[in-house]
Amino acid sequence: MFIWTSVAHMALPLGEAGIRETPNESAVLSAMQSNIGDQTGLYIFPGPGVGKDATRQEKNEAMKHMAEKIAANPSGILMYHAPGRPFTFGKWLGVEFGTEMLEAILVVFLLAQTRIVSFAGRVGFVLAAGILAAITTNISYWNWYWYGFPRVYTASYMLIQIVGFLLVGVAAALILPKRASH
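Residue numbers (my numbering): 3 to 184.
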């Protein structure tokens, strides 16, 4: 899975699908730094306009006006990191490898708990798990108005996950011992 996702991101255009650089980046970065400063966080815009300690009633009232705000303003999410964040590519790659290894181990563990003995059945089981994993967050990130991830980005990332699980399924189907069906 890790090898496939590396190829998908470095050799194929899948890892960059739907992603653009910010026009006039230096001005945008300067404005972000001036207004957000050292407050690292995940931001939505436009915001509902209620304070951090707003009541449920205040939040509900603000949500009634979100359609108007979104129609009149840009909308989206921003993952902001204050200046000074170290570029730790090796660490990030290690976390990615560990995550994908854990995913593969868990899905193969689940497969091993079944009575599926055919090659196609084993591959299909892991593939179905991969489709489930791909749907879990990607569709929500595409769907909701603040997120609104581009369709091509969503489809590309789902494809990367699904192919990764397919490859794990093929490997597991070849390696797991055959058991007699009951």
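The C-beta atom is built at its ideal place from N, Cα and C for all residues, glycine as well. Bear in mind the structure is a predicted one, so any value in this text is a computation, not a measurement.
CB of residue i within 8 Å of CB of residue j, strictly
i: Ala84; j: Thr42; result: yes
i: Ala131; j: Leu112; result: yes
i: Glu105; j: Met3; result: yes
i: Gly78; j: Gly20; result: no
i: Arg124; j: Gly86; result: no
Limits of the beta strand (DSSP E) - the one that residue i falls within
i: Met81; result: Gly78 to Tyr82
Burial state of residue i, where buried means 16 or more other Cβ atoms lie within 10 Å
i: Asn140; result: buried
i: Glu2; result: What is shown of the chain runs 3 to 184, which leaves residue 2 out entirely.
i: Ile118; result: buried
i: Gly100; result: exposed
i: Gly166; result: buried
Cα-Cα separation, residue i to residue j
i: Ser48; j: Phe127; result: The identity of residue 48 in the sequence shown is Pro, whereas the question assumes Ser. Each residue's Cα considered, the two are about 42 Å apart.
i: Lys54; j: Ala64; result: 13 Å
i: Phe91; j: Glu98; result: 10 Å
i: Met93; j: Trp144; result: Note that residue 93 is Lys in the sequence shown here, rather than Met. Using only the alpha carbons, I get a separation of about 28 Å.
i: Thr138; j: Phe121; result: 26 Å
i: Lys180; j: Tyr82; result: 50 Å
As assigned by DSSP and simplified to three states, the class of residue i
i: Leu44; result: strand
i: Ala174; result: helix
i: Val119; result: coil
i: Asn145; result: helix
Check: residue i C-beta below 7 Å from any heavy atom of the ligand COA
i: Ala114; result: Looking at this structure, you won't find the ligand COA or any other ligand, since it has none at all.
For residue i, the first and last residue of its enclosing alpha helix (DSSP H)
i: His11; result: Phe4 to Met12
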